[in-house]
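Chemist: Pasting in a structure now, in structure tokens, and then I'll have a few things to ask.
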Amino acid sequence: MSGHALTRRHLLAGGASLALAAGAARAQPRPSSQDLTQLSATEAGRLMRARQISPVELTEAYLARIEKVDARLGSFIHVAAPEARAAAKQAERELLAGQDRGPMHGIPFGVKDLFFTGDIPTTNNSRVDLSRYAGVRSAAVERMQNAGAVLLGKMDTGEFATGTVKLYGDLPHPLARNPWDLARFAGGSSTGPGAGVGGRTVLIGVGSDTGGSVRLPAAACGGQGLKPTYGRISRYGALENTWSRDTVGPIAWHVADCGLALQAMSGFDQRDPMSAEVPPFAFNPEAPRSLAGLRIGVVRRDGAEWVKISPDVAAGLERCEAALRDQGAMLVPVNLPQSLATYGKVAGVIGGVEFYISNIDLISPDPSRVGQGIRDRLPRATSTNVLDYARAVKQAAELSAEMEAFLRGMDALFLPGTFHVAGRFDPPAEVAAFMLENAMVPASITGHPALALRSGFNAQGLPTSVQFMAKHYDEAMLLRLGMALEPLLDGPGPRRLPTALES
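The sequence shown lines up with residues 13 to 515 when you count with the numbering used here.
Given below as structure tokens:
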């Protein structure tokens, strides 16, 4: 540890007392410098309030990790090191003065590079001119920073938040690689937040989910990915993909950290016409985690739509079902109200039209500035009949109401998320299979909250994942399930580390 950091540690030890979280902070050994990026936000916050580490040390640990591995990983498009250091020093000063902003105070985070961040540049991983948005700061970033979190920078994304299916290799910033195997894809379109959480270049990554774009990268890279209820977090200051489905959500290694981020970002925002007028989410990481007596609908996987689930993913689903039973949950076999194909067809019609309307003014001045993947997508919108779009919007509303009624018969729904582990870049068909063969779209088209939960690792050391859905605004149930199951599915011992980055 540098002398500068040591001086700060002594300052923390002898300075004004810090505001503590509920109850007195327990004294505990200080982790070594190389361990700081393995801490959860809850652990880091406890250590800061116990004056064992400072926000500056934690931020420097992440900046050092980025410098060490991100040239190979590619999780960040822009590292805002000067701004991060200034924010960490401010957090340190405030904590020393007893001005505790809450559990996110001093916690490093990154955002997908479609959230505008004031003076820090936003590219959307595109060559399109975004200067019209100069100075805009997104609501999600604003609220994280108001909670005292430290922004490390802007993270990789598919261009205009599109999920990558075909790889053209024509983006300004290459797509991030998977920290568990650098020859594999990190998922999309919140590619950087997923890769960064798995590769420990960021503690919490903030992304957006339109058809799985938080949950897919989380699943690919071993993180936990929370898609909140549509409208729960303001989308103000984030570039649109599909306005009726775009949902801001966090990726973290620990479920509880997703809950802390949701608490920080949630709440009504009149700047977003789709913002839900509901109270901000209140999260208690120490809440009881008992699953005894919960009624969990388990989607049957014996139909034709589920046959492509790989043995590795199936094994993770079975592990999770066994853990639920062991914890006293009641498992009830069910079928989804509609086929995956039905949800997918509606999403395709709506997504094509809304993407075109939202972005054509940015793209049309010079279509050559966007990648081939975007140019492939545009004709779908112009060929859609307005009546087909109107019917799809009506059907989406009906599917949402139907799903809500269906979920009232249970506490949560358990179903696959991805059907495969992360695919290799070569052959490209593996990337397409990972992105297309999954069960992420139902929660997106109905607006329900969903959690991608790590279920283990296969024999090759690649993470597997499962998915839970809950009723509108019942993220608390998803977090309860995730926090109870996480230690059981992870097993004993320290956090598993991606050896691909350590060599």
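By construction, the Cβ of each residue, glycine as well, lies at the ideal position given by its N, Cα and C atoms.
Using beta-carbon positions only, say whether Leu336 and Leu329 come within less than 8 Å of one another.
Modeler: In the sequence shown, residue 336 corresponds to position 324, counting from 1. In the sequence shown, residue 329 corresponds to position 317, counting from 1. When the beta-carbon positions are compared, Leu336 and Leu329 stay at least 8 Å from each other.
Chemist: Among the residues of its own chain, which have a CB less than 6 Å from the CB of Leu48, if the five just before and after it don't count?
Modeler: Taking the sequence shown and counting its residues from 1, one reaches residue 48 at position 36. Around Leu48: Leu70 and Ala73.
Chemist: What separation, rounded to the nearest whole angstrom, lies between the Cα atoms of Val325 and Val346?
Modeler: Working through the sequence shown from its first residue, we reach residue 325 at position 313. Working through the sequence shown from its first residue, we reach residue 346 at position 334. Computed Cα separation, rounded: 19 Å.
Chemist: Asp376 to Gly385, Cα distance in whole Å?
Modeler: Here residue 376 refers to the residue found at position 364 when the sequence shown is read from its first residue. Here residue 385 refers to the residue found at position 373 when the sequence shown is read from its first residue. The residue you asked about is not Asp; residue 376 is Ser in the sequence shown. Distance between the alpha carbons of Ser376 and Gly385 is about 15 Å.
Chemist: Kindly list the residues whose CB is nearer than 8 Å to the CB of Ala526, restricted to its own chain and excluding five residues on each side of it in sequence; keep chain order.
Modeler: Residue 526 lies beyond the residue range present for the chain, which begins at 13 and ends at 515; the question has no answer from this structure.
Chemist: Counting C-beta neighbours from all protein chains within 10 Å, is the total for Leu399 16 or more, i.e. buried, or is it exposed?
Modeler: Position 387 of the sequence shown, counting from 1, holds the residue named residue 399. Leu399 should be labelled exposed.
Chemist: For a quick check, are the C-beta atoms of Ile457 and Arg257 less than 8 Å apart?
Modeler: Translated into the one-based positions of the sequence shown, residue 457 becomes position 445. Translated into the one-based positions of the sequence shown, residue 257 becomes position 245. With contacts defined by Cβ atoms closer than 8 Å, Ile457 and Arg257 form a contacting pair.
Chemist: Tell me whether the beta-carbon of Gly208 lies closer than 8 Å to the beta-carbon of Gly217.
Modeler: Working through the sequence shown from its first residue, we reach residue 208 at position 196. Working through the sequence shown from its first residue, we reach residue 217 at position 205. Here Gly208 is near Gly217, since their CB atoms are less than 8 Å apart.
Chemist: Check for me: the beta strand (DSSP E) holding Thr476 runs from which residue to which?
Modeler: To locate residue 476, count along the sequence shown from 1; it is residue 464. Its beta strand (DSSP E) spans residues Pro475 to Met481.
Chemist: Among Gly118, Leu183, Arg63 and Leu179, whose alpha-carbon lies nearest the alpha-carbon of Arg196?
Modeler: What you label residue 196 is simply residue 184 of the sequence shown in a count that begins at 1. Out of Gly118, Leu183, Arg63 and Leu179, Leu179 has the C-alpha closest to the C-alpha of Arg196.
Chemist: Quick check on DSSP: helix, strand or coil for Pro504?
Modeler: In the sequence shown, counting from the first residue as 1, residue 504 sits at position 492. Pro504 falls in the coil class under three-state DSSP.
Chemist: Rounding to the nearest angstrom, what Cα-Cα distance links Arg212 and Asn470 in this structure?
Modeler: Reading the sequence shown from its first residue, position 200 is the one you call residue 212. Reading the sequence shown from its first residue, position 458 is the one you call residue 470. If you take the alpha carbons of Arg212 and Asn470, they lie about 20 Å apart.
Chemist: If you check the beta carbons only, do Arg283 and Ala151 fall under 8 Å apart?
Modeler: Taking the first residue of the sequence shown as 1, we reach residue 283 at position 271. Taking the first residue of the sequence shown as 1, we reach residue 151 at position 139. Yes. Within cutoff.
Chemist: In whole angstroms, what is the alpha-carbon distance linking Asp221 and Thr174?
Modeler: As a first step, residue 221 is located in the sequence shown; it is residue number 209 there, counting from the start. As a first step, residue 174 is located in the sequence shown; it is residue number 162 there, counting from the start. Taking the straight line joining both Cα atoms gives about 10 Å.
Chemist: In the segment 397-463, which residue ranges form an unbroken beta strand (DSSP E) of at least 3 residues, counting only runs that do not cross its ends?
Modeler: 424-428
Chemist: Alpha carbon to alpha carbon, what distance is there between Ser52 and Leu215?
Modeler: Here residue 215 corresponds to residue number 203 of the sequence shown, with the count starting at 1. Here residue 52 corresponds to residue number 40 of the sequence shown, with the count starting at 1. If you take the alpha carbons of Leu215 and Ser52, they lie about 7 Å apart.
Chemist: Below 8 Å on the Cβ atoms is my contact criterion, and I expect Gly219 with Gly261 to pass it. Report the Cβ-Cβ distance as a whole number of Å.
Modeler: Numbered from 1 along the sequence shown, position 207 holds the residue referred to as residue 219. Numbered from 1 along the sequence shown, position 249 holds the residue referred to as residue 261. The Cβ separation is near 6 Å, so the contact holds.
Chemist: I need the DSSP call for Leu183, collapsed to helix, strand or coil.
Modeler: By 1-based counting over the sequence shown, the position of residue 183 is 171. Residue state, collapsed to three classes: coil.
Chemist: Whole angstroms are fine: how far does the CA of Glu366 sit from the CA of Arg139?
Modeler: Here residue 139 corresponds to residue number 127 of the sequence shown, with the count starting at 1. Here residue 366 corresponds to residue number 354 of the sequence shown, with the count starting at 1. In a straight line, the C-alpha of Arg139 is about 21 Å away from that of Glu366.
Chemist: Is there contact here, the segment 458-469 with the segment 235-246, by at least three beta-carbon pairs under 8 Å?
Modeler: At 8 Å Cβ cutoff, the stretches touch.
Chemist: Taking the DSSP output, what are the residues bridged to Gln236?
Modeler: Position 224 of the sequence shown, counted from the first residue, corresponds to residue 236. Looking at the DSSP output, Gln236 sits in a beta bridge with Ala264.
Chemist: What three-state label does DSSP hand Met495 in the structure shown?
Modeler: Counted from its first residue, the sequence shown places residue 495 at position 483. Helix at Met495.
Chemist: Which term fits Gln64, buried or exposed, when burial requires 16 or more other beta carbons within 10 angstroms of its beta carbon?
Modeler: Walking along the sequence shown from the start, residue 64 turns up at place 52. So Gln64 counts as buried.
Chemist: Measuring straight from C-alpha to C-alpha, what distance separates Leu142 and Gln275?
Modeler: Here the question's residue 142 lines up with position 130 in the sequence shown. Here the question's residue 275 lines up with position 263 in the sequence shown. Looking at the two C-alpha atoms, the distance is approximately 30 Å.
Chemist: I'd like to know whether the C-beta atoms of Pro454 and Glu414 end up nearer to each other than 8 Å.
Modeler: Within the sequence shown, the letter at position 442 stands for residue 454. Within the sequence shown, the letter at position 402 stands for residue 414. No; because the gap between Cβ atoms is not below 8 Å, this pair is not in contact.
Chemist: Jot down the residue ranges of each uninterrupted beta strand (DSSP E) in the segment 99-133, minimum 3 residues, whole runs only, in chain order.
Modeler: 120-124
Chemist: State buried or exposed for Ala294, treating a residue as buried only when at least 16 other CB atoms are found within 10 Å of its CB.
Modeler: The residue you call residue 294 lines up with position 282 of the sequence shown. It counts as exposed.
Chemist: Just to confirm before moving on: does the CB-CB distance between Leu85 and Arg247 stay below 8 Å?
Modeler: Residue 85 sits at position 73 when you count from the first residue of the sequence shown. Residue 247 sits at position 235 when you count from the first residue of the sequence shown. No, the Cβ-Cβ distance between Leu85 and Arg247 is not below 8 Å.
Chemist: For Ser220, write down the residues that DSSP places opposite it in a beta bridge.
Modeler: As a position in the sequence shown, residue 220 is number 208, starting the count at 1. In the DSSP output, where bridge partners are listed per residue, Ser220 has Val260.
Chemist: At the level of alpha carbons, what is the spacing between Gly459 and Gly181?
Modeler: Numbered from 1 along the sequence shown, position 447 holds the residue referred to as residue 459. Numbered from 1 along the sequence shown, position 169 holds the residue referred to as residue 181. Between Gly459 and Gly181, the C-alpha separation is close to 32 Å.
Chemist: Hey, is the segment 288-302 in contact with the segment 489-500, meaning 3+ C-beta pairs nearer than 8 Å?
Modeler: yes
Chemist: Taking the alpha carbon of Ala359 as the point to measure from, which residue in Asp388, Ala402 and His266 has its own alpha carbon closest?
Modeler: The sequence position of residue 359 within the sequence shown is 347, counting from 1. The shortest C-alpha separation from Ala359 is found at Ala402.
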